[in-house]
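Numbering (my numbering), first residue to last: 3 to 183. Note sheet for the following structure.
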């Protein structure tokens with residue numbers, strides 16, 4: 003059942019929406035929300051009581067994506083198709099990358115973010131992060147039973163402006179309006 007908000011002055015009716023907090027982590031991510039009645043924050047839990055969503059994306063042979071816990075087995079069976087720790091690459095160009103990865107990185111030019119290649123298709127870090135954010139958005143909508151379009155997202159204090167903007171761009175691609183980083 004969706005909650006409705008009625009503006010007494012105008013008589014307009016709007017469906018209530020949740021504003022969530024997202025910790026977009028390097029290894030795991032999670033979603034929390036502030037309960038409107040008791041004003042306490044709650045971390046959203048799945049049926050199995052898990053709160054953490056692994057920040058892992060598997061890209062299948064036909065471009066299908068598996069995100070989170072279900073993607074973990076592919077780190078062993080198909081590491082070249084499984085992307086983890088994408089946050090470490092956010093907002094960085096190819097020449098800025100110092101660590102090695104088990105997936106193929108592509109130089110897309112000096113001012114462009116690094117690309118990640120799977121089967122000849124190149125994805126950028128903003129796209130991949132947006133898939134994780136989209137998964138978190140869907141989980142929140144399912145658990146809260148209301149639309150989620152606005153959020154705040156945590157990033158490390160050391161993130162520079164480029165990395166922060168890349169996170170905002172990922173949110174936009176995921177259908178989220180990031181109110182604050």
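By construction, the Cβ of each residue, glycine as well, lies at the ideal position given by its N, Cα and C atoms.
Going by DSSP, what residues sit across from residue i in a beta bridge?
| i | result |
| --- | --- |
| residue 25 | 32 and 156 |
| residue 126 | 117 |
| residue 69 | 59 |
| residue 182 | 154 |
| residue 86 | 58 |
Do residue j and residue i count as a contact pair if the criterion is CB distance below 8 Å?
| i | j | result |
| --- | --- | --- |
| residue 83 | residue 108 | no |
| residue 59 | residue 85 | yes |
| residue 34 | residue 150 | no |
| residue 135 | residue 168 | no |
| residue 181 | residue 139 | no |
| residue 46 | residue 141 | yes |
Identify which residue in the options has its Cα closest to the Cα of residue i.
| i | options | result |
| --- | --- | --- |
| residue 165 | 144, 37 and 114 | 114 |
| residue 87 | 44, 169, 27 and 155 | 27 |
| residue 96 | 126, 77, 75 and 69 | 126 |
| residue 49 | 93, 146 and 92 | 146 |
| residue 119 | 111, 160 and 105 | 105 |
| residue 162 | 74, 80, 148 and 94 | 94 |
| residue 81 | 121, 148, 54 and 144 | 121 |
Less than 8 Å between the CB atoms is what I'm expecting for residue i and residue j, so what's the real figure, rounded?
| i | j | result |
| --- | --- | --- |
| residue 65 | residue 123 | 7 Å |
| residue 52 | residue 31 | Between residue 31 and residue 52 the Cβ distance is about 12 Å, and since that is not below 8 Å, they are no contact. |
| residue 129 | residue 69 | 12 Å between Cβ atoms; not a contact. |
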